Amino acid sequence: MRQYSPEDMHKKTCHWCQDGHRILKGNFVKLTVYLSSLICSIYLTGTLCASSEPAVVVQDSHLESVFSPGAAPDNWIHEMSRRFAESEARLAELEALVESQRQSPPAIQQASYDETPAPPAVVVPTLDQEILDRLAIMEKNWAKLKESEAKKKADALKKPTFKVNGRIHWDHWNFSESSPGIDNFEHPGPGPMTGTDPEDLLGFRRIRMEFSGDILENMFWRMQLDFAELEDATMKDVYIGFSELPNNQSLILGHQKRPIGLDHWNSSRNNVFLERPLIVEAVNEDARRMGVMMYGYNDWESFNWQYGIATLENSAGDRANRSDAGQLSLHFRTTGTPWYDESSGGRGYLHLGFAGMFANPDGDADDGVSNSNEGRFRTRMAQRSERRWLDTGRIAGADWYEVAALEAMLNVGAFQWTTEYMNIWLQRDQTTAGTGPDVHFSGFYTQFSYFLTGEHIPIDRQVGSIDRIRPFENFFLVDTCCGGRGRGWGAWQIAGRYDYLDISDADVRGGVGNMATFGLNWYWTAYSRMQFNLIYSDIRDHAPVNGFTGGNSLTAGVRFGANF
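Numbers in this note's numbering are just positions in the sequence shown, counted from 1, shifted up by 3.
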């Protein structure tokens, strides 16, 4: 067994203490204590072994006095006890320091050791002067732009503004099949079985130009003309109005839509099908009349209303009413969205509404008068035939009639379901020639639509109508710079609708119509689309025409439309 002199033991002890000190600085304090205990054991063993060897000269007088074989045993025990006590005190101090750092991690504690190097100084890079110059120019231009915009807004308050909009709907209709009854409803001949079938049609459904703007701060104007229906332009929206009235209301004076039901309240730019449902068109033919209407909505846009008074005369063609009677109608409509999913941007909502109308038609006029204030309900079968196959004609003795309409629309993501139900009660006087008992008419439709590409039909909650549909991706087909082709598919939508209309009661035989429609829509952009409808219609209980009281037909229609 190798024997160590006190000097060798001193050197090894210093080396071990230095290593232990470094471990202590690395927070391995407990390991240091255990190593110190081991060192003490080695010291004791070395001293006992050295007692049997000749004395060795030790140059360190302090260690010689403590660890030399001739030193008193209490000296080295006392020295080791003192060092253990210092180690324990240091351990407690470091544990307290670690605990304080755990409780307040953002604070950076300064090491207490003199040999700890100071943290390197942080050098903050400076921006290139050219970038700073460009930034200064951009800020200057931005300030000029804001000043220009502010000036434009200020100038707009001093004079009316002007905007131009429009739409083009180009249609083709193919009357592929029709029964003899339909042939006589469309082209009645001089006798039985002499009617001719409906002719196919290629033409413009709408060619509209629209001009609108604001008049100073709280007035607006709109003028919309259609050049497709007559040789002269047909008047659509032509009115002036006041905005920002109390309770979020607007007042409109002029030729405008009557608020009866949902589908006619929607714009033809956004409707799912080519033509409107049977009951909607029968009750509110051409929709617009001269009148005064008030529009409003609550602050949360969950509830809206429209009400006012309008003429019964359809003045779209001659742009005037010529009548001594001056029959009028009173209208109101209120709708709301008790459920509207704000988090999805309106991809989910429930729309409910109710509308009413009170009208005083000119029931005692004969067919020779120039006005059209009569009580009359008619419609085409959702296509562009020359005649309206469902038609009550002028109802003799019509004195008053009332309309009550219910509407509902549920949208869940790409799926939408819509329905409307309307009732008409007409009272007749007992003095006009040909008059009869009071009559009741009714009708409804229900429809669904689904976007194969995932879009949805948005809703305008301020007025209670559907809004513009925006494809996720526009349709395009272009050459790429790499020699390939780039393409986008637009939005694809399928739809179906069932219509029912009954305008036959008592001596009035306008007919009972049933109709099923399949639709396919291809949205190229938010402002252009192609629509296809396949329509099967059936008519029964119609007033005889050359002996026919009913018939059926199959019609296909396609439309290419754009608006701006």
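Backbone N, C-alpha and C fix where the C-beta goes; we use that ideal spot for every residue, glycine too.
Values in this document were obtained by computation on a predicted structure and should not be read as measured data.
| task | For the alpha helix (DSSP H) containing GLU189, list its first residue and its last residue. | result | First-last of the alpha helix (DSSP H) with GLU189: 183-189.
| query | Cα-Cα, which of GLN309, ILE506, ASN524, ASP541 is closest to PHE535? | reply | Of the listed residues, the one whose Cα sits closest to PHE535 is ASN524.
| Which residues mark the beginning and the end of the alpha helix (DSSP H) in which VAL286 is found? | Its alpha helix (DSSP H) spans residues 281-286.
| task | Give a yes or no on contact between the segment 514-530 and the segment 485-496, applying the rule of three or more CB pairs nearer than 8 Å. | result | As far as the Cβ criterion goes, the segment 514-530 touches the segment 485-496, which means the pair count is three or higher.
| task | Pull up the distance between the alpha-carbon of PRO201 and that of LYS239, whole angstroms please. | result | When rounded, the distance between both Cα atoms is 28 Å.
| said: Given this structure, state the Cα-to-Cα distance separating GLY359 from GLN450, to the nearest angstrom. | reply: Each residue's CA atom was taken as its position, placing GLY359 and GLN450 some 22 Å apart.
| When we look at the beta-carbon of LEU315 and count the other beta-carbons within 10 Å, is it buried (16 or more) or exposed? | A residue is called buried when at least 16 other Cβ atoms come within 10 angstroms of its Cβ; LEU315 meets this threshold and is buried.
| On the premise that ARG208 lies in contact with ALA231, defined as a C-beta separation below 8 Å, what is that separation, rounded to the nearest angstrom? | Going by Cβ atoms, the distance from ALA231 to ARG208 rounds to 6 Å, so yes, they are a contact pair.
| Assuming PHE447 contacts TYR503 under a Cβ cut-off of 8 Å, what Cβ separation, rounded to an integer in Å, is found between them? | Right, their Cβ atoms sit about 6 Å apart.
| field | Three-state secondary structure assigned by DSSP to SER452 | value | Correct three-state label for SER452: strand.
| field | For THR199, the residue or residues it bridges with in DSSP | value | DSSP output for THR199 lists no bridge partner at all.
| query | Taking just the CA atoms, how far does ARG390 sit from MET412? | reply | Their backbone Cα atoms lie some 31 Å apart in a straight line.
| message | With three or more C-beta pairs closer than 8 Å as the rule, is the segment 328-340 touching the segment 258-269? | response | Because the criterion of three Cβ pairs below 8 Å is met, the segment 258-269 and the segment 328-340 touch.
| For GLY550, three-class secondary structure by DSSP | The three-state reading of DSSP puts GLY550 in coil, since its state is none of H, G, I, E or B.
| Cβ distance (whole Å) where ARG381 is taken to contact ASP394 below 8 Å | Taking a contact as a CB-CB distance under 8 Å, the pair ARG381 and ASP394 counts as one, their CB atoms being some 4 Å apart.
| task | With distances taken Cα to Cα, identify the nearest neighbour of SER271 among ALA290, GLY257, VAL286. | result | Measuring C-alpha to C-alpha distances from SER271 to each of ALA290, GLY257, VAL286 identifies ALA290 as the nearest.
| request: Please classify GLN132: does DSSP put it in a helix, a strand, or coil? | output: Reduced to three states, the DSSP call for GLN132 is helix.
| field | heavy atom of the ligand ZN below 8 Å from PHE335 C-beta | value | Of the ligands one can find in the structure shown there are none, so the ligand ZN has no counterpart to examine.
| query | Where does LYS166 fall in DSSP's three states? | reply | Here LYS166 sits in strand by DSSP.
| query | Who does ARG211 pair with in a DSSP beta bridge? | reply | Paired residues: ARG170, ASP229.
| message | Under 8 Å: do the segment 509-522 and the segment 544-552 share three or more Cβ pairs, one atom per stretch? | response | Judged by pairs of C-beta atoms under 8 Å, the segment 509-522 touches the segment 544-552, as three or more such pairs exist.
| query | Given TRP428, which residues of its chain have a CB within under 6 Å of its CB, disregarding the five upstream and five downstream residues? | reply | Around TRP428, the same chain offers GLU405, HIS443 as residues with beta carbons nearer than 6 Å, after the five sequence neighbours per side are excluded.
| request: Jot down the residue ranges of each uninterrupted beta strand (DSSP E) in the segment 298-346, minimum 3 residues, whole runs only, in chain order. | output: Listed in chain order, the complete beta strand (DSSP E) runs (minimum 3 residues) inside the segment 298-346 are 306-314, 331-343.
| said: Quick check on the DSSP output: what are the complete beta strand (DSSP E) runs of length 3 or more inside the segment 420-484, in order along the chain? | reply: Runs of the beta strand (DSSP E) inside the segment 420-484: 442-454, 478-482.
| To which residues does DSSP link ILE263 through a beta bridge? | ILE263 has no beta-bridge partner at all, per DSSP.
| query | If we count Cβ pairs, one from each stretch, closer than 8 Å, do we get three or more for the segment 291-311 versus the segment 248-264? | reply | Taking a cut-off of 8 Å for Cβ pairs, the segment 291-311 and the segment 248-264 touch, as three or more such pairs fall below it.
| request: Taking 9 Å as the cut-off, decide whether the C-beta atoms of ILE398 and GLY378 are in contact. | output: Yes, the Cβ-Cβ distance between ILE398 and GLY378 is below 9 Å.
| query | According to DSSP, which residues form a beta bridge with ILE243? | reply | Listed as beta-bridge partners of ILE243 by DSSP are TRP224, LEU256.
| request: Could you tell me which residues DSSP puts in a beta bridge with GLY522? | output: Here GLY522 is bridged, per DSSP, to ALA498, ASN536.
| Smallest Cα separation from PRO280: which of PRO474, GLY499, GLY553? | Out of PRO474, GLY499, GLY553, GLY499 has the C-alpha closest to the C-alpha of PRO280.
| field | Extent of the continuous beta strand (DSSP E) to which TYR404 belongs | value | Here the beta strand (DSSP E) through TYR404 covers 401-415.
| task | Below 8 Å on the Cβ atoms is my guess for TRP3 versus GLN430; work out the distance and round it to an integer in Å. | result | With the chain covering only 4 through 567, there is no way to say anything about residue 3.
| Top-ranked residue by Cα proximity to ARG350, from PRO461, PRO440, ILE312 | The shortest C-alpha separation from ARG350 is found at PRO461.
| query | Per DSSP, which one or two residues make a beta bridge with PHE361? | reply | Paired residue(s): LEU333, GLU405.
| query | Should VAL167 go down as buried or exposed, given a rule of 16 or more other Cβ atoms within 10 Å for buried? | reply | By the 10 Å Cβ count, VAL167 comes out exposed.
| query | MET296: which of GLY244, LEU355, ALA88 sits nearest, CA to CA? | reply | Closest by C-alpha distance to MET296, out of GLY244, LEU355, ALA88, is GLY244.
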